[in-house]
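What follows is a short report on a single structure.
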Amino acid sequence: MMNVTEPVYLEDKLEEIEGSGKLAYRAEVLPTWCPGCGYFSIVEGVSKAMTELGLDQRETVCVSGIGCASRFPFFMNTYGFHSLHGRALPVATGIKVANDDLTVVVVGGDGDAFAIGGAHIPHAARRNVDITYILFDNGVYGLTKGQTSPTSVVGFKTTTTPYLNVDQPLNPLTMLLSYGASWVAQAYAGEPHHLTEMIKAAIDHRGFSYLHVLSPCVTFDKTSMTYQNLSMKVRPLPDEHDASDFAAAMTAAQNIEVPQLGVYFSSERPTLADGMDDVVARAKAG
Amino acid sequence: MMNVTEPVYLEDKLEEIEGSGKLAYRAEVLPTWCPGCGYFSIVEGVSKAMTELGLDQRETVCVSGIGCASRFPFFMNTYGFHSLHGRALPVATGIKVANDDLTVVVVGGDGDAFAIGGAHIPHAARRNVDITYILFDNGVYGLTKGQTSPTSVVGFKTTTTPYLNVDQPLNPLTMLLSYGASWVAQAYAGEPHHLTEMIKAAIDHRGFSYLHVLSPCVTFDKTSMTYQNLSMKVRPLPDEHDASDFAAAMTAAQNIEVPQLGVYFSSERPTLADGMDDVVARAKAG
Amino acid sequence: MANKDNHKTDIQIAICGSAGDGTIAAGDILKQAMAKAGYNVIAFDVYPPEIRGFGKCIARARITSEQVYSLKSESDCLISLDDSHAIPHVSEVCKFGSVIYDDTPISSVAEGAHISSHLAPAHLPYGVAFREISERITSSARSRNIVAVGYLAGLYDMPADVFHQVIASKFSGKSKELTQSVTAAFDAGFQAGVDTFRLHFDRIGAPRGRGRQTDLVMMSGNAATVQGCLDAGIDAFFGYPITPATRIMEMLASEMPKRGGRLLQTEDEISAIAATIGAGYTGARAATATSGPGLALMSEMMGLGAMAEVPAVAFVSQRGGPSTGMPTKTEQSDLNLAVFGVAGDGQRIVLAPTNVEGCYKCAGKAFEMAEKFQTPVIVLLDLYLSNRYEAVQLPAKNPFAADCSKAPRRNANQAGYSRYKLTGDNVSPRAVPGDPDRMHTVTGLEHDERGRPSDQPQIHQAMSRKRHDKLLPALKYPGITISKRFGDKGKVDVGILGWGSTFGEILEAMIEARKEGISCSAMKVVMLSPLPVGPIIEFIDDCGEVLVPELNYEAQFASLVTGATDRPVHRLNRVAGTPMRVGDILEQIRILAGRGGLLAAE
Amino acid sequence: MANKDNHKTDIQIAICGSAGDGTIAAGDILKQAMAKAGYNVIAFDVYPPEIRGFGKCIARARITSEQVYSLKSESDCLISLDDSHAIPHVSEVCKFGSVIYDDTPISSVAEGAHISSHLAPAHLPYGVAFREISERITSSARSRNIVAVGYLAGLYDMPADVFHQVIASKFSGKSKELTQSVTAAFDAGFQAGVDTFRLHFDRIGAPRGRGRQTDLVMMSGNAATVQGCLDAGIDAFFGYPITPATRIMEMLASEMPKRGGRLLQTEDEISAIAATIGAGYTGARAATATSGPGLALMSEMMGLGAMAEVPAVAFVSQRGGPSTGMPTKTEQSDLNLAVFGVAGDGQRIVLAPTNVEGCYKCAGKAFEMAEKFQTPVIVLLDLYLSNRYEAVQLPAKNPFAADCSKAPRRNANQAGYSRYKLTGDNVSPRAVPGDPDRMHTVTGLEHDERGRPSDQPQIHQAMSRKRHDKLLPALKYPGITISKRFGDKGKVDVGILGWGSTFGEILEAMIEARKEGISCSAMKVVMLSPLPVGPIIEFIDDCGEVLVPELNYEAQFASLVTGATDRPVHRLNRVAGTPMRVGDILEQIRILAGRGGLLAAE
Ligand SMILES: Cc1ncc(C[n+]2csc(CCOP(=O)(O)OP(=O)(O)O)c2C)c(N)n1
Ligand SMILES: Cc1ncc(C[n+]2csc(CCOP(=O)(O)OP(=O)(O)O)c2C)c(N)n1
Ligand code: SF4
Ligand code: SF4
Ligand SMILES: [Mg+2]
Ligand SMILES: [Mg+2]
């Protein structure tokens, strides 16, 4: 497993991007993120995954809320909806209910998702809306310049917690599992290859897939979720891990000391659209 | 364990209430709920628990959102805040932050909590706000006359799902555990004695205590969460269950076929107020 | 009964009982039957507050041969299914009006508990053994409400057959026995009514225009709204229950799937409007429905709809406010929120129908406008309009256009597609996901024509103008009444300017006033945003004095009008939770007619 | 330099560079020092949009000996720390103004990339080796911004000592070496400036009034707001980050705990205002801060505050809208939302300060009023006011009252305590949790005096009146300016009616107009709800024509005023994302003065 302990700089990536032919899925404008931001690997990974999956750009929609992460749709050459802080999931749900043929990729930051958007995740998951939700977790509010987020560690010093954060962080993986998400995985911006594989699998999954991506904010977090720290901590899920075993997934997800990368849980069940088709069938049967 | 398969009628309870001396904690007005509503046992249980704990009414605040359940504060002779649909927890958090001496009991329905209020529960739990949250789960929207709720079972027929509900219900217990609630238990309106014990323990707990109460809506649910069905299904947690073992709690909570009653998880950790005191201390130390 | 024909009919029946008595059901059968018989019917039921129990229900129906616009404040007949609830309403029975009640209370009641001891001398008492008859005929007391309706029908010489038809259709699906026993209960009551000695004027006259029975249907404002959605071809609906809008979602939930439509009860109002906008973004016709508290929560997302220029329709049925307020009482106090409740200069279209037929029209047209102008559209109803029943005739053929979206020209240069192109009519050609090679991102950030975020002064200035100006043509939108004047033409002494459900009472008051020889006319304003300033100014300038009656405390519409026209108006505000009284409006008209320019005095 | 004293000073410095150049820091040192020196300073920094990168920063400071009210549209001196960003701003440098830039670019730059080739003939160029000097003195180029400030100070003959003091305090806490090297960099620049041959009028005159140095402090609107909260004894704060309000929470986060106060960053704005109201319910002084999008989300909870009559303070700093809009640009387009954005007739107090000192006053008084009138209070700021710096003098002694709550009388009958008692002043004695034997439940449902849910007509009518009338005395609240007239007294040709940050530009324009002999005066309205209708009408009736300049597209304040006064006004609206230009206002004044009554023409 290759570990990146150095930030990935945009400059270094430029030719690679151009060479890759992945530009089909990339807008002309290059991301305006800070050099070294983990998000570059994600936009990389998504376009690579889309290329390899051969997705049709005009049938693909990227939906986001507000935040650095949520700038994502502007950097993609697909249809995009840059919505409101915390509301990407309900917007995406509306899109899928109205047009189930579309491939919908939802992205957002940790604050966007677990703070202001917290009421929507359980329902997108339990309804098994057929979308892919990629969560950019940098453990901080980037766009507003460095406040604590629901995934910030205790003791984290920010502009709103100058005397250190005292709130215990949330555990997104156990949460998503408890919501009934039919596919749950974790990746790390510092491991672009694995990240890309995960993105492919997530988009491939029929139903609600949740991909949690650990991604350093090089500008507002020098102490906590840095490349240095993460690269030392992360491990792959043990080979013997059985992604069809919910209890096992729950147990693995409880290990917050050592963030494990890979697919925690994967199962097939009817999507929201399936359910709605049944409803229509029953209604027409009368 | 005594099982009630018959609805509890207000009339039958009247003298008992009067005789009980628990009226100290009861408003003169009797609850306006439908005769037989499971909620009567809860208002009973809370006043009984308060009597036995000898709580000071003027130092006690009952906070609620909107719903049949949320009418609760009007029926209590304590301070009360009947707030907005889904917002009981943030209101209660403000109350405790401002005055930590108060005993705060928050009540709400399944829709109030897990639909519109869903964003607030994770944060009240992770911050370990020192309040007691009693969730009246009847698996339906009572006050608005019978629509599906986040805990309604698949196949449930309501006015908004005339062709049957297709959304998989949420599992509040695993959710609250994943949020980091420091005390999680389940009770049943049909078992008033156990219910009262649970309420006492919940109020006793220092930190965020979550008590999930299964409570039939006799008016809008004739098929699903009825006294009949519940009384047949519920079981006590096995005696060997260790409430200090988080993993064990998680496992027990995953059993949705057989709702188990009792304390799933209980642990001591600093409350939000403790954390804020530390912050003040650090600030003053400079 | 030749005399019947040349005998105008205008009787109002009030049926009063508790939730358990089948009060609403009885009223329902009555109004359905009389509409079937070709009468003009306006009905409004009053429910107990949201919390369950044995609260009071009142079903009121005004049955007339001529077109009328509201209920009367006095009823001609009161039927008591529960004396404890009905007694306070004896006072609403007019002189020589009749009171029908059960003369066999289960137990001998306490002193004063029986309604008969509360009647005025001028009231005609009819004590009938509802319960006894019901028990005799159906071996249960549960049909006593039907017996009462039957008695009324017999007493007033109403045609039994239409009642039979209504009962049959109402219980279709239920067991045959049930239908039969209910019918039997009705007939027994009917006979009792026929056998009762009664005065001539109890009888009702002939229905208005003959042979129209078939196409006259009894409909509530909510039902008409639903029909409008269906005829406009609604694809998706997202809603969260809240009184008095819940019924809209409930009716759509049973109708839409039959047509392949999709409905989702969301986790809250924010997600309801978010999903509506998400669906609208794909080109679908989508809507949500809520009341004031829900609209408040939707405010931010409505602003996104305006900024990103996404079509969306929101039905908002007002109730008593502020906050949770009075969920089962009517009020018109969410106008400010509907028109002004958005961060920044986030305009949108706001329509407020004034009657049941208007609900149908506005509902359908709302989808057209949302699409045509790429904007959120709010249709502002209120509890009185949502739950009020009128006998209406819907157009034979579907009046709504299927697709009003301005699509990009086929062979237009697709490369640099500009979602927010500045065009002559300020509406930009709109591509949706699935369209080839017009990929773009919509956003709530200010943006250039391509949709790229920008905070350049000239761009914000140009886009602000675009978003404002593109809505103005809505004021000339075909097939819907934007504003309309009634009554005397030209200069008049008194003008009444109204909106929403209250306009029915306004019309009644104006008609009365003109009978009294006061020169006056009334104008209804259906489009509240953008506001038809021109026509309103014309109207105001034609009137010596202008009165604006509305059901709110802050005179929200009056202030809106004055703010937009620089014209002073007189305000008449009531917040009783009940419809405005025709008499109250009339009184103000008289005062204004009596002495002009008491404006200063106000 | 005797001539210094009788020489008025009014120079505006603009420092322009990219986020990495320490542009804002340089401007900060400059304005702090000049304020210390006793000058009147107004400063406003422009940041790049929220998303990170190397966007343009501009720090502008206007330094004067007399009191002024806004920045000038032209600067007297431009310092370029990055030519690519500064070049577009050469045009804002006035005739004979100076442009200071680095004459040693790292590499030989491309044709036209150097600012010197963009100067106008009338500009005085000063090429200085910032980078070289910085590297020589501090062996790093990072202090070139300090060198530039030093050069400016030397060039303009500013007192070096105050700069030394500011640098010292700014870097206190940092290493001693750092402070020394920075000071050294300043001195090197200063010397270079002194040694530069310069024209007389570059020198600045004496500061205004002597010996006031000490009590003059440089403060931003947000900082003044924070000071107001602290002096009013804020107990609890709940907020969610959003530009441009975030700084309020951030400053409170470091100050409140020192005083034992508690601050919580909540999960969203709904919980922020909910917790604020929860805290207010216990009797604490609590507040939140947000911008338009957050206020939209708070709308429902604000309505609860109004209905349940709970004190709460919300600071709302406006930015470009609608929706996410332009987060780093200023605008005044949330007035409608602040005043009308609530379901039902849910009134509240809305205050809009017009300058930094006003932020302090309004912040403190907001807590008093919220308590006294048992209501939510919105303090409406905007980005320009939040981030604008002024040299202000805060009152020597704390001007805010500690407890303004109307408590129940000790020996009042405690049994049936009525939380919502109807009283003479419409304010009910308020018990809070902990008070003995006054247990009660507050609610968003309509309620009787005891707080019991009720939808009785007379109760709703009475409570609606109570909630409306209780706020009216706020219009006479002591110790705060509700509205105020400036300029010519009595009848005037032109009146300018303004609110919020724009009033600075309005005053400047009025002063200019009067210099031109136009009879005019200006009125600022600080309380937007309830609106001081009386004074406004008086003012309007004194003016031949009234102009309402504001930074929004829909003329929100103008419509509010007309709606409340029946008086027409002229509208001047700009949505450039930047402050209103004094020249634009002046031009309108001239037009209006030139020919009255062109109203019809409008
Ligand atoms: C309703 C609303 N509240 C607050 C904001 C301000 N805001 C923008 S992004 C953001 C949080 C960003 O953090 P996160 O979601 O973790 O994304 P990141 O920037 O870290 O990628 C906030 C609070 C907003 N735009 N809208
Ligand atoms: C913002 C808002 N949306 C909707 C409603 C309408 N409403 C009142 S209670 C309720 C749900 C009640 O269900 P639940 O929370 O399960 O409580 P229950 O009545 O079953 O005890 C709804 C949707 C409201 N009052 N406010
Ligand atoms: S602020 Fe942090 S999250 Fe945002 S772009 Fe920069 S590095 Fe990435
Ligand atoms: S409706 Fe259901 S929940 Fe509400 S009071 Fe009646 S039985 Fe209880
Ligand atoms: Mg983040
Ligand atoms: Mg429920």
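Protein chains in written order, with the working numbering: chain A, -16 to 269; chain B, -16 to 269; chain C, -8 to 593; chain D, -8 to 593. Glycine included, every Cβ here is placed at the ideal spot set by N, Cα and C.
Partner residues in the beta bridge of C:T279, as assigned by DSSP, are C:A305. Using beta-carbon distances, D:S314 does not count as an interface residue toward chain B, since no partner is under 8 Å. For C:I106, the three-state secondary structure derived from DSSP is helix. Taking C-beta separations shorter than 6 Å and ignoring five residues to either side along the sequence, the partners of C:D73 in its chain run G8, S9 and D12, following chain order. Interface residue (Cβ-Cβ distance to chain C less than 8 Å): D:L286 is classified as such. Chain-order list of chain A residues neighbouring B:I99: A102, by C-beta distance under 9 Å. The C-beta of C:G164 comes no closer than 8 Å to any C-beta of chain A. Note on A:E251: under 16 other CB atoms within 10 angstroms of its CB, so exposed under the neighbour-count rule. Proximity of the beta carbon of A:S132 to ligand 5 is indicated: a heavy atom of the ligand is located closer than 7 Å. B:V262 has a beta carbon lying within less than 8 Å of a beta carbon in chain A.
In this chain, C:T434 is not harboured by any alpha helix (DSSP H); it is covered by the beta strand (DSSP E) spanning T432 to T434. Contacts with chain C at 8 Å (Cβ-Cβ) include B:P145. Annotated three-state conformation of C:C220 is helix, per DSSP. A contact is defined here as three or more CB-CB pairs under 8 Å, and the stretch 107 to 116 of chain C meets this definition with respect to the stretch 66 to 85 of chain C. Rounded to the nearest angstrom, the gap between the Cα atoms of D:F530 and C:V573 is 39 Å.
If you draw a straight line from the Cα of D:D178 to the Cα of D:G141, it comes to about 6 Å.
For D:V119, the enclosing beta strand (DSSP E) starts and ends at L115 to V119. Fully enclosed beta strand (DSSP E) runs of no fewer than 3 residues occupy 483 to 489, 511 to 516, 518 to 520 and 534 to 541 of the stretch 477 to 548 of chain D, in order along the chain. Boundaries of the beta strand (DSSP E) around B:G91: T86 to G92.
Residue environment analysis places A:K267 among the exposed positions, since fewer than 16 neighbouring C-beta atoms fall within 10 angstroms of its C-beta.
Set against 7 Å, the gap from the CB of B:N148 to the closest heavy atom of ligand 2 is not smaller. C:P112 is classed as exposed because its beta carbon has fewer than 16 other beta carbons within 10 Å across all chains shown. Secondary structure of D:M149 (DSSP, three-state): coil. Counting along the chain, the unbroken beta strand (DSSP E) around C:M209 starts and ends at V208 to S211.
In this structure, the CA atom of B:M215 is about 12 Å from the CA atom of B:Q243. Short of 6 Å from the beta carbon of D:C534, and not among the five residues preceding or following it, lie these beta carbons of its own chain, in chain order: V483 and G486. Taking a contact to require three or more Cβ pairs closer than 8 Å, the stretch 535 to 553 of chain D and the stretch 316 to 332 of chain D qualify as touching.
When distances are taken from the beta-carbon of A:Y124 to the heavy atoms of ligand 5, the shortest one is below 7 Å.
When rounded, the separation of the alpha-carbon atoms in C:G164 and B:A7 is 51 Å. Under DSSP, D:E381 forms a beta bridge with D:I33 and D:M210. Within the same chain, and ignoring the five residues on either side of C:F121 in sequence, the residues whose Cβ sits closer than 7 Å to its Cβ are D93, R135, V138 and A139. B:N148 is not a Cβ neighbour of B:S165, given a cutoff of 8 Å.
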